[in-house]
Structures are given as structure tokens and as C-alpha cells.
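Asker: In the numbering used here, the protein residues as written are 49 to 509. Ideal Cβ placement from N, Cα and C applies to all residues, glycine included. Source: prediction; values computed, not measured.
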Ligand code: SAH
Ligand code: SF4
Ligand code: F3S
């Protein structure tokens with residue numbers, strides 16, 4: 049149908065209604081949950097749809113195709129998706145030609161996919177995280193089928209290069225450098241839904257970053273579940289530090305990366321961070337817990353002492369680095385004493401910010417089967433105490449910057465205050481300041497004048 053301005057759609061849809069419609073354009077909307085892996089996948093899906101002449105729309109009731117790219121990392125994420133699919137039923141009734149597809153990490157788990165199919169028989173397509181490149185085929189299959197089309201490979205395929213992509217922003221881009229995870233932290237679903245570690249070839253990554261530079265992008269974030277083990281599967285002598293040195297030479301202004309696993313941070317990597325002027329002074333280093341007993345039960349493969357030693361080495365090599373982390377409270381068996389170890393570690397490191405989570409049992413992971421699950425009320429109480437501590441520290445860390453200078457990449461008008469612009473420091477902190485809109489995309493210097501827990505305020509110098 050590509051290239052034809054108007055066409056007829058004649059079909060039985062999933063609600064069993066015989067439909068005929070005359071349309072001139074087809075619109076899609078992708079709703080993404082979870083982490084940047086899903087953002088990346090959504091960009092690949094969008095790229096394929098636009099090759100099929102679909103146009104993007106923000107409005108759900110205008111869409112001919114709605115795709116949910118789901119996250120399974122915590123129960124809350126899944127609940128949101130179930131709620132959304134339920135809500136979309138209304139649209140499906142109003143427009144029987146609407147195609148509804150669910151992909152991402154929830155549908156990659158075959159038991160969850162079956163449950164989705166049973167509970168929501170009006171879904172047209174359910175597809176897994178390894179089936180992105182087949183989406184156009186699934187769309188065709190769905191047009192010819194009255195049943196839900198399900199395609200879930202239980203194994204990852206080869207790394208696919210050169211799939212078309214639509215990037216959202218013109219300033220900052222994500223570049224996935226590796227897929228999957230080999231770590232099997234005992235609480236985590238990711239290795240089950242994203243497969244084993246597969247690194248992209250450095251040449252492809254570098255070519256992609258060069259292209260971003262040519263298109264005017266200023267910042268790239270190198271992405272993987274555990275970027276520090278980049279290259280181990282390539283069968284050549286090339287690691288993440290080598291990649292950082294190479295990307296540093298591409299002409300891109302700012303380089304960030306996430307996520308780092310403490311067990312794989314090497315002295316070479318710390319040295320690369322210190323030496324590469326385009327690598328930003330920010331490290332996200334998830335600690336998860338401060339008690340050695342819990343770290344062992346989580347299969348994190350480092351101790352509290354080793355983690356603190358790493359922090360010291362990094363701060364020595366890269367002074368004033370922004371440090372952020374992820375923490376889980378209420379992991380099975382966590383006692384009040386274990387939790388006190390987490391609080392004291394957070395006090396010791398004094399992170400700039402932390403993503404804090406109450407443990408959420410995930411079916412199929414070892415931790416979900418452990419005895420001594422911590423009652424929900426206790427998990428919630430610990431979470432609140434941790435957040436309170438971290439908020440105090442975040443504010444103090446931000447206040448320490450008042451009076452000093454910061455280099456910002458200007459991102460555009462502030463969402464909260466239309467009279468101001470926002471930019472990010474090299475350490476990834478958000479700064480609001482007064483300036484001309486034409487500064488968007490430029491690097492400027494500001495003096496910090498005020499600080500809150502989540503933002504800074506500054507003036508141009
Ligand atoms: N690969 C990254 C991120 C994984 S998911 C890493 O290793 O850090 C992001 C965060 O979600 C994790 O760091 C962890 O803090 C949290 N998380 C993962 N599984 C969880 C679970 N079952 N319950 C609560 N938090 C979880
Ligand atoms: Fe999950 Fe651990 Fe892998 Fe991160 S490193 S994705 S927490 S298994
Ligand atoms: Fe969620 Fe999948 Fe990312 S489970 S956190 S979207 S890898």
C-alpha cells in the first residue's frame with residue numbers, strides 16, 4: 049500500500065466486526081515504559097513504521113496503531129501497563145480498525161504474554177524484545193488474522209545494525225553499545241527478558257556517533273545494562289575504556305554512559321574518565337545495598353568495603369564528580385541492622401542523587417522464592433526513611449555549588465518557568481537561568497545562585 053494516497057481497508061477485526069474504511073493517512077503512537085533500552089526499541093519501531101509511511105501522532109484517538117513498549121522490572125511498572133491496556137479497550141470499540149500491539153519486557157516472558165492474551169483478547173499483536181526487526185511482518189500478519197498474533201523468541205538473535213530509527217531530540221542522543229546482561233542479580237528480571245550480553249562492534253558505534261555529530265547533536269549517552277563489561281564478547285582486545293577514548297575523538301561535545309556495575313570498574317576505565325575531556329564528570333554506580341550479607345544474597349559480587357574503595361579512587365581521579373546510585377530496600381532477609389548499613393553507606397558516600405526502590409518480587413527470579421520476604425509495610429517505611437536521608441544530602445550537595453561556576457549545555461525553555469532556560473552541568477545537574485532562547489544547543493558558563501533538592505539556579509557570566 050506504500051505510495052498510494054487513499055486506500056480501502058476491508059477486514060474482520062478482533063472484535064468480530066466487519067469493517068470498511070477509507071483513509072488517506074495512517075498514524076501511530078508508541079507508549080514507552082521503563083528504561084532507555086525501551087526508548088531505543090521505540091525509536092527502532094518508529095523508524096520501521098515511518099518506512100511504511102505511518103506518521104507519528106500524540107493523540108491516541110487519532111492513531112491507527114498503538115504500541116505499548118512495556119517494563120517488567122517492578123510490579124508497579126506492570127500494573128501501569130495492565131491499567132493502560134484496559135483503558136485502550138474503549139478506543140478499540142470506537143475504532144475497530146485500531147491495531148493494538150504490546151511489546152517490551154513484560155511480553156518477552158511467555159507466561160506474562162499468555163496472561164495478556166487471555167485477559168485482553170482484543171490485542172492484535174504481542175511481541176518480545178528480540179522480535180523488533182520483524183514488526184512489519186507482524187503487522188501484516190495481524191491484518192490477515194482474527195487472532196492475536198504472538199511472536200516471542202526465547203533467544204536473542206545477532207546484533208542487527210542499520211535498522212532505521214527515529215530519534216526524538218536534536219541535541220542529545222542515546223546510543224546502545226551493548227544489549228542484554230549476564231549478571232543475574234537475584235532480584236532482577238532483566239537478564240531473563242533481555243538475553244545475554246552482546247556488544248556492538250566499536251566501528252559501528254563510532255560511525256553512529258560521527259553521524260550524530262554531523263547532524264548537530266551535542267551529547268551522546270552510551271547505553272547498556274552493564275557498560276563496564278563492554279567488549280568481553282567481541283573476541284578481540286577491546287574494552288569500554290578503549291571505546292571511551294575512541295568516542296572522545298569523534299567531535300561530540302559531551303559523552304555520558306550508563307549503567308556501570310561496580311564489580312567491573314577497572315583502573316583503566318577510571319583513567320579514561322579522567323583523561324577524556326569530553327567524558328562528563330558523572331558516574332551512576334548502583335550500590336543496591338550497604339550490608340555485605342545482603343549484597344551476597346543479591347549476587348552483586350562486591351563488598352561494601354570494595355565499593356567504598358572504588359568511590360575513593362574515582363573521586364581522587366575525577367574531583368567534583370557527580371555520583372548517583374540505585375538502592376533497593378526490603379530485599380528478602382533484610383534486617384533493621386542491614387538497613388542501617390545501607391543508610392550509613394549513603395551517609396558516607398554522600399551521593400548527589402539516588403533512585404530508591406522498595407524490593408518487588410519478580411516471578412522466575414531466585415529472590416522471589418527466598419524465605420523471609422520483608423512485609424510491605426516495612427519495605428515502605430524503610431524506603432521513606434532512605435528518601436528522607438537522600439533528599440537532605442542531595443540538597444546539601446547542591447548548596448555546596450552556590451557561588452561557583454558551571455558549564456551548561458542549554459536544553460531550551462524551562463518547563464516550570466517560561467521566562468527561564470534550562471541546561472545541564474557536566475555533572476548532569478539541571479540549572480534554570482535567564483537567557484535568550486537562541487542559546488539552546490550552546491555551551492554557556494553560569495554562576496550558581498541558588499539550590500534546591502532537584503535543581504539549581506544560576507546567572508550567565
Ligand atoms: N543494569 C542496571 C539497571 C537495572 S534496572 C544496573 O545493574 O544497575 C534499574 C534498577 O532497578 C536496579 O539498579 C535496581 O535498583 C532496581 N531493581 C531491579 N529489580 C528490582 C526489583 N525486583 N525490585 C526493586 N527494584 C529493582
Ligand atoms: Fe539486573 Fe543486575 Fe543485570 Fe543490572 S546488573 S540488569 S540489576 S541483573
Ligand atoms: Fe524495564 Fe526492561 Fe528496562 S524490564 S528497566 S524496560 S530492560
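Helix, strand or coil for residue 82? Go by DSSP, reduced to three states.
Answerer: To locate residue 82, count along the chain shown from 1; it is residue 34. In the three-state reduction of the DSSP assignment, residue 82 falls in the coil class.
Asker: Name the two residues that bound the continuous beta strand (DSSP E) containing residue 503.
Answerer: Start at 1 with the first residue of the chain shown, and residue 503 comes out as number 455. Run containing residue 503: 503-508, per the beta strand (DSSP E) assignment.
Asker: Opposite residue 201 in the DSSP bridges: which residues?
Answerer: Looking up residue 201 in the chain shown gives position 153. Answer is none; residue 201 lacks a bridge partner.
Asker: Going by Cα to Cα distance, which pick from 192, 162, 214, 507 is closest to residue 99?
Answerer: If you number the chain shown from 1, residue 99 lands on position 51. For the residues 192, 162, 214, 507, the minimum Cα distance to residue 99 belongs to 214.
Asker: Would you say residue 378 and residue 304 are within 8 Å of each other, going by their C-beta atoms?
Answerer: As a working mapping, residue 378 is identified with position 330 in the chain shown. As a working mapping, residue 304 is identified with position 256 in the chain shown. Not closer than 8 Å, so no.
Asker: Closer than 6 Å from C-beta to any heavy atom of the ligand SF4: which residues, in chain order?
Answerer: 229, 231, 232, 233, 236, 238, 239, 273, 274, 309
Asker: So residue 445 and residue 400 are supposed to be a Cβ contact under 8 Å. How far apart are they, rounded?
Answerer: Translated into positions along the chain shown, residue 445 becomes position 397. Translated into positions along the chain shown, residue 400 becomes position 352. That belief holds up - the Cβ atoms of residue 445 and residue 400 are roughly 5 Å apart, short of 8 Å.
Asker: By Cβ distance below 8 Å, which residues in the same chain neighbour residue 385 in space, the five residues on each side in sequence not counted?
Answerer: Locating residue 385 in the chain shown gives position 337, counting from the first residue. Closer than 8 Å at Cβ, skipping near neighbours: 339.
Asker: What residue from 243, 344, 210 has the CA that sits closest to residue 253's CA?
Answerer: Numbered from its first residue, the chain shown carries residue 253 at position 205. When each option's Cα is compared against that of residue 253, the closest is 210.
Asker: I'd like to know whether the C-beta atoms of residue 413 and residue 237 end up nearer to each other than 8 Å.
Answerer: By one-based count along the chain shown, residue 413 stands at place 365. By one-based count along the chain shown, residue 237 stands at place 189. In contact: residue 413 and residue 237 (Cβ atoms closer than 8 Å).
Asker: Enumerate in chain order the residues of its own chain whose CB-to-CB distance from residue 142 is below 8 Å, with the five nearest sequence positions on each side excluded.
Answerer: Position 94 of the chain shown, counted from the first residue, corresponds to residue 142. The residues are 109.
Asker: Taking the straight line between their C-alpha atoms, what separation do you get for residue 169 and residue 191?
Answerer: The residue you call residue 169 lines up with position 121 of the chain shown. The residue you call residue 191 lines up with position 143 of the chain shown. Spanning the two alpha carbons is a distance of roughly 15 Å.
Asker: In three-state DSSP terms, what is residue 262?
Answerer: Taking the first residue of the chain shown as 1, we reach residue 262 at position 214. Correct three-state label for residue 262: helix.
Asker: With the cut-off set at 8 Å, would you say residue 475 and residue 319 are in Cβ contact?
Answerer: Counting from one through the chain shown, the residue named residue 475 turns up at place 427. Counting from one through the chain shown, the residue named residue 319 turns up at place 271. Using a Cβ distance threshold of 8 Å, residue 475 and residue 319 do not count as a contacting pair.
Asker: Please indicate yes or no: does the CB of residue 407 lie closer than 7 Å to some heavy atom of the ligand SAH?
Answerer: By one-based count along the chain shown, residue 407 stands at place 359. Answer for residue 407: yes, Cβ within range of the ligand SAH.
Asker: Compare the C-alpha of residue 112 against each of 440, 148, 279, 422 and name the closest.
Answerer: Walking along the chain shown from the start, residue 112 turns up at place 64. Per the Cα distances, 148.
Asker: Would you tell me roughly how many angstroms separate the C-alpha atoms of residue 512 and residue 480, rounded to the nearest one?
Answerer: Not covered by the structure: residue 512. The range shown for the chain is 49 to 509.
Asker: With a threshold of 8 Å, are at least 3 pairs of Cβ atoms found where one atom belongs to the stretch 286-300 and the other to the stretch 258-265?
Answerer: Result yes; three or more Cβ-Cβ pairs closer than 8 Å.
Asker: Under 8 Å, with one C-beta from each stretch per pair, do the stretch 448-456 and the stretch 266-273 reach the 3-pair mark?
Answerer: Contact between the stretch 448-456 and the stretch 266-273 is absent: fewer than three C-beta pairs spanning the two stretches fall below 8 Å.
Asker: Are there 16 or more other CB atoms within 10 angstroms of the CB of residue 90, so buried, or fewer, so exposed?
Answerer: Counting from one through the chain shown, the residue named residue 90 turns up at place 42. It is buried - the Cβ of residue 90 has at least 16 other Cβ atoms within 10 Å.
Asker: Counting only runs that start and end within the stretch 142-170, where is the alpha helix (DSSP H) found for 4 or more residues in a row?
Answerer: 153-156, 158-167
Asker: Please state whether DSSP places residue 454 in a helix, a strand or coil.
Answerer: Sequence index remark: in the chain shown, residue 454 carries index 406 (1-based). Three-state result, residue 454: strand.
Asker: Measure the C-alpha to C-alpha separation of residue 118 and residue 150 and round it to an integer number of angstroms.
Answerer: As a first step, residue 118 is located in the chain shown; it is residue number 70 there, counting from the start. As a first step, residue 150 is located in the chain shown; it is residue number 102 there, counting from the start. Approximately 7 Å, taken between the alpha carbons.
Asker: Are there 16 or more other CB atoms within 10 angstroms of the CB of residue 505, so buried, or fewer, so exposed?
Answerer: For the purposes of this step, residue 505 is taken as the residue at position 457 of the chain shown. Result: buried.
Asker: Residues in its own chain within less than 8 Å of residue 507 by CB, not counting five upstream and five downstream?
Answerer: Within the chain shown, numbered from 1, the residue matching residue 507 stands at position 459. 481, 482, 494, 495, 497.
Asker: For residue 472, collect the residues of the same chain with a Cβ closer than 8 Å to its Cβ; drop the 5 residues on either side in sequence, then sort them by chain order.
Answerer: Here residue 472 refers to the residue found at position 424 of the chain shown. Excluding sequence neighbours, residue 472 sits near 456, 457, 459, 478, 479.
Asker: Considering only the alpha carbon of each residue, which of 365, 393, 387 lies closest to residue 373?
Answerer: Numbered from its first residue, the chain shown carries residue 373 at position 325. For the residues 365, 393, 387, the minimum Cα distance to residue 373 belongs to 393.
Asker: How close, in whole Å, do the beta carbons of residue 422 and residue 448 come, if the pair is a contact with beta carbons under 8 Å?
Answerer: Taking the first residue of the chain shown as position 1, residue 422 is located at position 374. Taking the first residue of the chain shown as position 1, residue 448 is located at position 400. No, residue 422 and residue 448 are not in contact; Cβ-Cβ is about 35 Å, not under 8 Å.
Asker: Should residue 276 and residue 308 be called a contact, given that it needs their Cβ atoms to be closer than 8 Å?
Answerer: In the chain shown, counting from the first residue as 1, residue 276 sits at position 228. In the chain shown, counting from the first residue as 1, residue 308 sits at position 260. Yes, Cβ-Cβ distance for residue 276 and residue 308 is below 8 Å.
Asker: Please determine whether the Cβ atom of residue 85 lies at a distance below 7 Å from any heavy atom of the ligand F3S.
Answerer: The residue given as residue 85 occupies position 37 in the chain shown. Residue 85: yes, Cβ under 7 Å from the ligand F3S.
Asker: Between the alpha carbons of residue 60 and residue 171, how many angstroms are there, rounded?
Answerer: Reading the chain shown from its first residue, position 12 is the one you call residue 60. Reading the chain shown from its first residue, position 123 is the one you call residue 171. Its pLDDT being 48, under 50, residue 60 is placed unreliably by the model, and nothing is read from it.
Asker: So, using beta-carbon positions, are residue 82 and residue 153 closer together than 8 Å?
Answerer: Here residue 82 is taken as the residue at index 34 of the chain shown, counted from 1. Here residue 153 is taken as the residue at index 105 of the chain shown, counted from 1. A contact, by the Cβ cut-off of 8 Å.
Asker: Just to confirm, does residue 242 get its C-beta within under 7 Å of one of the non-hydrogen atoms of the ligand F3S?
Answerer: Here residue 242 corresponds to residue number 194 of the chain shown, with the count starting at 1. Correct: residue 242 has its Cβ closer than 7 Å to the ligand F3S.
Asker: Tell me the start and end of each unbroken beta strand (DSSP E) in the stretch 291-376 that is at least 3 residues and wholly inside, in chain order.
Answerer: 302-306, 330-332
Asker: Do you know offhand how far residue 387's Cα is from residue 336's?
Answerer: Numbered from its first residue, the chain shown carries residue 387 at position 339. Numbered from its first residue, the chain shown carries residue 336 at position 288. Cα to Cα, residue 387 sits roughly 11 Å from residue 336.
Asker: Where DSSP assigns a beta bridge to residue 471, which residues make up the other side?
Answerer: Residue numbering aside, residue 471 sits at position 423 when the chain shown is read from its first letter. Bridge partners of residue 471: 458, 479.
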